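Since the structure comes first, as structure tokens, the remarks are kept for the end.
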Amino acid sequence: MKIFFNSAIKSTFYPYYSSQKTKFSNTSFCGLTTDKFERSKEVSNYQKAKNLLSSTKKITPLEYRKLTPAQISAVNNYETKEAVDDNIAVALPLKDFLDKKYGKDKYVFVSIGTSPAPLGRVFEFSGVETKYLPISDLRYSTGYRDVVEAEYFYDYEKFLEEQGISKKNIEDSKKTFVFYDFTASGKTLRIFRDLMLKHLGLPEKQTDFRSLNEDILALRDEIRKIKPDVITDRKLLKKFNIKDPSFANSYIGNYLAFSEASKYGGIAHLDYRNFYQLNDAKNFESKSAKIYNLILIDELSKRGQLKQVSANSHCL
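This note's numbering numbers the first residue of the sequence shown as 605 and each following residue consecutively.
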């Protein structure tokens, strides 16, 4: 894993041909072959995929099925493919942990802010009910009452209800709502927990508020104890176990601490002091996040793990 900064993806729709140099030994811009017939096909595939990405707010399995493998490949790129592999390598053991802790299909994955969103997409497209709540910079608040008193909080409260974050909905669901955030001191998660429990009155027995980075490190330590022959997913074995003990730290540094998550998660940064920007956050579009979704869905489909649930039809 490498640390990528904003300049990493020089062109959002740059095709993923770096691994196919032997196949296309003579290439031109965007990896298109100099052979006119082949070049025409590549341009056509690229354009069709680009048009779909440009015309939709979010890529879901429905949009994915409109593209051919060649068209998907045309907009793939090295950085996004690596981000997909990295997040799957973390999400799979985390999902297994949550399945065992709460029961499969008995919990909802709730992403707080931008950091957990790329992992959330793995859960979402693997059939887990998932919700995304854009809210950031709670560390600057004095407590949950400060958030409640922020201008336009009423609009945000209505948004939470639209997303199913209400006492009645959670009680009726019979599920545990698992709220995840990246934590440093833990202050932001405590404030958010108070906001949910003390202000909204969410049922404490059906909610859990967890540190994403702390759970990742705990899972790393558990996985390092597992004998390699017990793990059947070879990509997971290669990345997220004792053979690469630094992977978890690198992931946390790259995707959480340095906010690479905002590039791939497709969730806008919404300062709690700027709730007037909520509509912009709800309508936020990210080209890199669309490609991330597309490649993620493709990878999950190849693994036989792609699954849609109707509960995710209205999530951001």
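The C-beta atom is built at its ideal place from N, Cα and C for all residues, glycine as well. Being a predicted model, the structure only gives us computed values, none of them experimental.
Name the DSSP bridge partner or partners of residue i?
| i | result |
| --- | --- |
| D812 | V782 |
| D875 | S740 |
| T672 | Partner(s): none; T672 has no beta bridge. |
| K652 | Paired residues: none, contrary to the question. |
| D886 | Rather than Asp, the amino acid found at residue 886 in this sequence is Lys. The partner list for K886 (beta bridge, DSSP) is empty, contrary to what the question assumes. |
| K867 | BP columns for K867 are empty, so no partner. |
| K911 | S730 |
Tell me which residues share the same chain as residue i and place their Cβ nearer than 7 Å to its Cβ, disregarding the 5 neighbours each side in the sequence.
| i | result |
| --- | --- |
| L900 | V688, R725, V726 and F729 |
| K661 | E889 |
| V913 | G731 and E733 |
| E903 | V688 and I692 |
| K670 | L656 |
| I856 | N817 and I820 |
CB-CB under 8 Å to residue i, same chain, minus the five flanking residues each way: which ones, in chain order?
| i | result |
| --- | --- |
| F633 | Legend: pLDDT at F633 = 42, less than 50; position of this residue unreliable, no value from coordinates given. |
| K771 | L804, G805, L806 and P807 |
| T787 | L793, S815, L816, N817 and E818 |
| V752 | L799 and H803 |
| L801 | E808 and T811 |
| I769 | V714, K735, L737, F781, M800, L804 and L806 |
Thinking just about the alpha-carbon of each residue, which of the options is nearest to the one in residue i?
| i | options | result |
| --- | --- | --- |
| Q675 | D776, I739 and K654 | K654 |
| Y668 | L723, L898, G857 and V752 | L898 |
| K708 | K778, N853, N858 and K791 | K778 |
| S719 | Y876, R907, A872 and S905 | A872 |
| A678 | I895, L920 and S905 | I895 |
| L920 | G908, I663 and E683 | I663 |
| H918 | F783, K762, Y736 and A822 | Y736 |
| K791 | L904, A861, G747 and N681 | G747 |
| Y682 | L723, S892 and V694 | S892 |
| L874 | L671, F763 and V694 | F763 |
| V782 | P673, I827 and L698 | L698 |
| I716 | N691, R643, R797 and N858 | R797 |
| S745 | N878, K670 and Q767 | N878 |
| V694 | I820, K685, T672 and K652 | I820 |
| F701 | E864, I827 and I774 | I827 |
| K886 | K710, P673 and Y760 | Y760 |
| R907 | T672, L696, D812 and I774 | L696 |
| A721 | G870, N773 and L910 | G870 |
| D776 | S854, K710, L723 and G857 | K710 |
| V714 | G768, E766, Y784 and Q651 | Y784 |
| Y650 | I856, T672 and Y859 | T672 |
| K911 | K652, S648 and L666 | L666 |
| Y859 | E686, Q767, N680 and V712 | E686 |
| A861 | S789, S905 and E765 | S789 |
Enumerate in chain order the residues of its own chain whose CB-to-CB distance from residue i is below 6 Å, with the five nearest sequence positions on each side excluded.
| i | result |
| --- | --- |
| K627 | With a pLDDT of 40 at K627, under the threshold of 50, the modelled position of that residue is not reliable, and the figure given next carries that caveat. There are no such residues. |
| R824 | A852 |
| D750 | none |
| A915 | E733 |
| L684 | Here residue 684 turns out to be Thr, not Leu, going by the sequence shown. Excluding sequence neighbours, T684 sits near I895, Y896 and I899. |
| L866 | First, the amino acid is wrong: residue 866 is Ser here, not Leu. Same-chain partners within the cutoff: T718. |
| Q909 | S730 |
Can you tell me whether residue i sits near the ligand ATP, meaning its C-beta is under 8 Å from at least one heavy atom of the ligand?
| i | result |
| --- | --- |
| N897 | In the structure shown, the ligand ATP is absent, as is every other ligand, since no ligand is present at all. |
- Should the stretch 749-758 be regarded as contacting the stretch 875-882, the criterion being three or more beta carbon pairs within less than 8 Å? yes
Would you call the stretch 738-749 in contact with the stretch 694-706, where contact means no fewer than 3 C-beta pairs closer than 8 Å? no
* **Uninterrupted alpha helix (DSSP H) stretches inside the stretch 712-779 (no shorter than 4 residues)** => Runs of the alpha helix (DSSP H) inside the stretch 712-779: 721-729, 748-752, 757-766 and 771-777.
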